[in-house]
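A.B. asks: In our numbering, the protein residues as written are 438 to 589.
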Amino acid sequence: MYNQEDLQQERWRQINTLKIFNDNVSQVTDNAEYKVDFSSGPNKFSLNVILTPDFPMVRPILKISPSINHLWVNASGDEIINAPGLLNFTRHSDLGRVVQAVIRELQRRPPLITSHVPNNVSILYYGCYFLMYYAFIKIGQNNADVSVILFQ
Numbered sequence: 438m439y440n441q442e443d444l445q446q447e448r449w450r451q452i453n454t455l456k457i458f459n460d461n462v463s464q465v466t467d468n469a470e471y472k473v474d475f476s477s478g479p480n481k482f483s484l485n486v487i488l489t490p491d492f493p494m495v496r497p498i499l500k501i502s503p504s505i506n507h508l509w510v511n512a513s514g515d516e517i518i519n520a521p522g523l524l525n526f527t528r529h530s531d532l533g534r535v536v537q538a539v540i541r542e543l544q545r546r547p548p549l550i551t552s553h554v555p556n557n558v559s560i561l562y563y564g565c566y567f568l569m570y571y572a573f574i575k576i577g578q579n580n581a582d583v584s585v586i587l588f589q
């Protein structure tokens, strides 16, 4: 088994790789939370890297702000959960490279910010294409006019 000192050294090594492989890394809470700011398309994002007390024996938590729509993100749009590097994370993984891969994915395929999407908009993600459609419903006295606009 691993002693606490070995795990602490491994934790610091992982934090150092985060700083080496990523720009704009700032410390939120010493030894526990770090923020990586980056741009994707016209938008600016913050990726908070949260290290639980059991890290590096368990994977880190990656929170994205503002909320987005992407295959790697949970339903509420604020946590990266399906990135390959996170799914396969072990204490021998490289935290810096995992975060770098997430940022590169989001830069290659700029995500839609869901916190700016009105309630009457539905978003579907197919591969690298976003399909958005607006449904406008105008109900008159005896008629209903429905317009649907599709764009890619």
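All residues carry an ideal CB built from backbone N, CA and C; glycine is no exception.
Measuring CB atoms only, is the segment 460-479 touching the segment 511-526, in the sense that at least three cross pairs come out at less than 8 Å?
C.D. replies: Because the criterion of three Cβ pairs below 8 Å is not met, the segment 460-479 and the segment 511-526 do not touch.
A.B. asks: If you run the structure through DSSP and keep just helix, strand and coil, what is asparagine 519?
C.D. replies: DSSP places asparagine 519 in coil when its eight states are reduced to three.
A.B. asks: Could you check whether valine 465 and leucine 455 sit closer than 8 Å to each other, using their CB atoms as the reference points?
C.D. replies: Contact flag unset, no.
A.B. asks: By the DSSP assignment, the alpha helix (DSSP H) with aspartate 443 in it spans what residues?
C.D. replies: Per DSSP, aspartate 443 belongs to the alpha helix (DSSP H) from 441-458.
A.B. asks: Leaving aside the five residues before and after serine 504 along the sequence, list all residues of the same chain whose C-beta is less than 6 Å from its C-beta, in chain order.
C.D. replies: Cβ neighbours of serine 504 beyond the five flanking positions: Gly514, Asp515, Thr551, Ser552.
A.B. asks: Express the C-alpha separation of leucine 543 and phenylalanine 482 in angstroms, rounding to a whole number.
C.D. replies: Straight-line Cα distance between these residues: approximately 10 Å.
A.B. asks: Looking at the structure shown, is serine 530 part of a helix, part of a strand, or coil, going by DSSP?
C.D. replies: DSSP places serine 530 in coil when its eight states are reduced to three.
A.B. asks: Among Glu447, Leu549, Trp449, Arg496, whose alpha-carbon lies nearest the alpha-carbon of asparagine 525?
C.D. replies: The option with the nearest alpha carbon to asparagine 525 is Arg496.
A.B. asks: Mind checking who phenylalanine 482 pairs with in its DSSP beta bridge?
C.D. replies: Answer by DSSP bridge pairing, in chain order: Phe475.
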